[in-house]
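Engineer:
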Ligand code: HEM
Ligand SMILES: [Cu+2]
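Protein chains in written order, with my numbering: chain B, 22 to 559; chain W, 2 to 225.
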């Protein structure tokens, strides 16, 4: 039986107004508590930060075009890669998929009218913005030169740059992820529509749920660590200072206790997006749904016990190194299971190569390369050679840019008709997706070779023999830039001029497609009743 | 099911769902808080292992009797808070008010004693920050490993002030919440809502209790 619930004052015969019809006044956006509008607030802010961080990357790559350090001084180079890392990690990647697509879709996918705590949801965006302001202040005040990792004693005793302002920015933005995480966990637990059992949740919801748990459990450790860094820098409390009996390695332990799980905050939602796209465009149910769910939870769980793989050569004990190496191999298993299951989902599917699918297939290639090289790095002996070289840079860029950002683009293209009610140009989208795939491989593959040959990371000059590979990498950056700029243009264009999409242009399953595009204010006219699993294709 | 006259917020189907979400929200928030203090305690544990003798001796410079009284006060406030929740559950306005007031009084007393303790540490020149004079007398050999004993003692007191300071900050927030609840209970407009919110506030208050127990154990009791 259908349970019909109307919200206060709603007329059951009127066509419900869509969420954008509430107007375009500044007030209607800045004071909204609608999760769909908050998703847009986030989308605009993270896009700004993305282009900000990309500008820094572009300068880095231009400097590396020639062996001599000619474009930038060593000091400015340090500031640029620190800025790039801080902005991309905390102000783009961590919030990217959860705060935009997750915010928009999670309540719809579980069949709810909104998040459990709509006001906290808005608050989280304001906190994000405040953190962002501090980071920009740090840049204006001369930038940071510690790298995104804030290692002591650079960050406490030796750095003369605006470490404090930057650390405060990251400290603040942490609270926004905590609030987003809290909202996701509670929404998934308590707001599911009748019939939406745990076994019927789309993998996108599972992935965001696991991500939310990591946000709630890992972020506070970063918060307290940055608090200690701030106190150390201002008051000299000595916790990380050996002269007072403190322990600099303690900082690295605390930092990576957060930052390794944080890489799963970036990749798990991406995996969620890819699951939805792969199922829809091969018209097959996801192969091994239960295995996928267990893998998601295993990744989230094991992610907490592998942080020491960042410290193999930092002077932690050999036994610690062996254990961390073993656990790191272990965490690669569920990642591999997921990759194989996506591939199996494609098997005998009716595959169509629309733009979202091209992004998803690119993800499979890029994530596989990135993940496998992670396994190389987890081998103790090999890591002595590869640690702090471009090999590591290539590894995590394959996953974070190749995996997470590509999936974000794929998700954006998949749900764009739902978000806006409009279709975009298919030809342009295909071009952009292909540019992205080519650009990514061209930019980052040479970096594996560079690192393996001994090129260290974070240097602004290099010996002549690395020249060819460095030039290739910079060329790739150009192609990559095209892949990111094109969508900005044709997607904006489609906002006003694009063809009307209708509720379900991809003929996809999932509750979010059962409601008009753009969706009404409270998502559904009636609380839906769910009677089948999430991937009832065929 | 008994019909509930009050209306849930628009995103919820019924009051039960709303109550459940509120409580779960607080539980998840407390998970976050646990890891926040967890990071601090992990740091403490590692440094304690490295400098056992100095830390044990420095512990003796803190005021154990006052801290013990404070522990008793805070645990009692946990009881009065639970009684306030029960009273609100039974829709007894006066009893709710009375127990809430008692909780607030105990919490304030705790902070007062804590403030006095800090002040006496300041007088004994045991506050190592802001270029305040730091004088630490010790019977240990002059150095612990490679560092002078006084430097390591400084580290201990820094950790102590950070941990108790962070806890006091949480107490202040807790007292603010209780004050708001007191006002709501005084007006007694929607008892079911007061009941619901008091249970959420009670979880937070209990959490502050537990954190204090850990601080008490680590900083006051570990003397050997
Ligand atoms: C298949 C699973 C993975 C394995 C086995 C793995 C393994 C490793 C290892 C051993 C290192 C340390 C290398 C060194 O510094 O010498 C490392 C670094 C790194 N990994 Fe992964 N990784 C995996 C997945 C990921 C994912 C999913 C991300 C991001 C979304 C990621 C991001 C990073 C980053 C950012 C660093 C370098 C941090 C820095 O030093 O700045 N990894 N990885
Ligand atoms: Cu890691």
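Yeah, the Cβ is synthetic: ideal placement off N, Cα and C, and Gly gets one too. Values in this document were obtained by computation on a predicted structure and should not be read as measured data.
Taking 8 Å as the threshold (beta carbon to beta carbon), is residue 207 (chain B) in contact with chain W?
Structural biologist: yes
Engineer: What's the gap between the Cα of residue 30 (chain B) and the Cα of residue 105 (chain W)?
Structural biologist: Confidence in residue 30 (chain B) is poor, its pLDDT being 43 and thus under 50, which makes the residue's placement unreliable; the coordinate value appears in the next sentence. Their backbone Cα atoms lie some 41 Å apart in a straight line.
Engineer: Residue 20 (chain W) by DSSP, collapsed to three states: which one?
Structural biologist: helix
Engineer: Under 8 Å, with one C-beta from each stretch per pair, do the region 98-115 of chain W and the region 183-190 of chain W reach the 3-pair mark?
Structural biologist: yes
Engineer: Can you give me the C-alpha to C-alpha distance between residue 251 (chain B) and residue 462 (chain B), rounded to a whole angstrom?
Structural biologist: 39 Å
Engineer: Count the other C-beta atoms from every protein chain shown that fall within 10 angstroms of the C-beta of residue 294 (chain B), then say buried if there are 16 or more, exposed otherwise.
Structural biologist: buried
Engineer: How is residue 210 (chain W) classed by DSSP in three states: helix, strand or coil?
Structural biologist: Three-state DSSP puts residue 210 (chain W) in a helix.
Engineer: Give a yes or no on whether 8 Å exceeds the smallest Cβ distance from residue 105 (chain W) to chain B.
Structural biologist: no
Engineer: Does the distance from the C-beta atom of residue 111 (chain B) to that of residue 194 (chain B) stay below 8 Å?
Structural biologist: Yes, Cβ-Cβ distance for residue 111 (chain B) and residue 194 (chain B) is below 8 Å.
Engineer: Just how far apart, CA to CA, sit residue 13 (chain B) and residue 516 (chain B)?
Structural biologist: The structure shown has nothing for residue 13 (chain B), since chain B only spans 22 to 559.
Engineer: Residue 21 (chain W) and residue 156 (chain B) - do their beta-carbons sit closer together than 8 Å?
Structural biologist: no
Engineer: Could you tell me which residues DSSP pairs with residue 521 (chain B) in its beta bridges?
Structural biologist: The partner list for residue 521 (chain B) (beta bridge, DSSP) reads B:443.
Engineer: List, in order along the chain, the chain B residues whose C-beta lies closer than 7 Å to that of residue 178 (chain W)?
Structural biologist: The contacting residues do not exist; residue 178 (chain W) stays about 16 Å from chain B at best.
Engineer: With a 10 Å radius around its C-beta and 16 neighbouring C-beta atoms as the bar for buried, classify residue 540 (chain B) as buried or exposed.
Structural biologist: buried
Engineer: Does the pairing of the region 226-237 of chain B with the region 317-335 of chain B give three or more beta-carbon distances under 8 Å?
Structural biologist: Yes, the region 226-237 of chain B touches the region 317-335 of chain B.
Engineer: Between which residues of its own chain and residue 549 (chain B) is the CB-CB distance below 7 Å, once the five residues before and five after are set aside?
Structural biologist: 132, 214, 532, 535
Engineer: Taking Cβ positions, are residue 67 (chain B) and residue 432 (chain B) nearer each other than 8 Å?
Structural biologist: no
Engineer: Contact defined as beta carbons within less than 8 Å: I believe residue 203 (chain B) pairs with residue 30 (chain W). What is the distance between those atoms, to the nearest angstrom?
Structural biologist: 6 Å
Engineer: Is the beta carbon of residue 396 (chain B) within less than 7 Å of some heavy atom of ligand 2?
Structural biologist: no
Engineer: Would you verify that the beta carbon of residue 327 (chain B) is, or is not, closer than 8 Å to some beta carbon of chain W?
Structural biologist: With its beta carbon at least 8 Å from every one in chain W, residue 327 (chain B) lies outside the interface.
Engineer: Distance check for residue 448 (chain B) and residue 26 (chain W), CA to CA, integer angstroms please.
Structural biologist: Taking the CA atoms as reference points, residue 26 (chain W) sits about 45 Å from residue 448 (chain B).
Engineer: Flag residue 136 (chain W) as yes if its beta-carbon sits less than 8 Å from any beta-carbon of chain B, otherwise no.
Structural biologist: Answer no: the Cβ-Cβ gap between residue 136 (chain W) and chain B never drops below 8 Å.
Engineer: Nearest CA to the CA of residue 308 (chain B): which residue from B:275, B:284, B:364?
Structural biologist: B:364
Engineer: Below 8 Å, can you find three or more Cβ-Cβ pairs linking the region 120-138 of chain B to the region 157-168 of chain B?
Structural biologist: no
Engineer: Quick check: is the beta carbon of residue 161 (chain B) nearer than 8 Å to any beta carbon in chain W?
Structural biologist: no
Engineer: Give me the subset of the region 32-43 of chain W whose CB atoms are less than 9 Å from a CB atom of chain B, sorted by chain position.
Structural biologist: 32, 33, 34, 35, 36, 37, 38, 39, 40, 41, 43
Engineer: Cβ of residue 408 (chain B) within 7 Å of any heavy atom in ligand 2?
Structural biologist: no
Engineer: Helix, strand or coil, according to DSSP, for residue 410 (chain B) in the structure here?
Structural biologist: strand
Engineer: Along chain B, in chain order, which residues have C-beta atoms closer than 8 Å to that of residue 131 (chain W)?
Structural biologist: 256
Engineer: Quick one: complete alpha helix (DSSP H) runs, 4+ long, within the region 381-441 of chain B?
Structural biologist: 401-407, 411-418, 427-441
Engineer: Can we say the region 464-479 of chain B touches the region 508-525 of chain B, given the rule of at least three CB pairs closer than 8 Å?
Structural biologist: no
Engineer: With contact counted as at least three CB pairs below 8 Å, one residue from each stretch, are the region 479-486 of chain B and the region 87-99 of chain B in contact?
Structural biologist: The region 479-486 of chain B is in contact with the region 87-99 of chain B.
Engineer: Is residue 166 (chain B) helix, strand or coil by DSSP?
Structural biologist: coil
Engineer: Please report the distance separating the alpha-carbon of residue 57 (chain B) from that of residue 206 (chain B).
Structural biologist: 18 Å
Engineer: Distance, Cα to Cα, residue 258 (chain B) vs residue 137 (chain W)?
Structural biologist: If I take the Cα positions, the gap works out to 16 Å.
Engineer: For residue 268 (chain B), go through chain W and note every residue whose CB falls closer than 9 Å to its CB, in chain order.
Structural biologist: 44, 47, 48, 51
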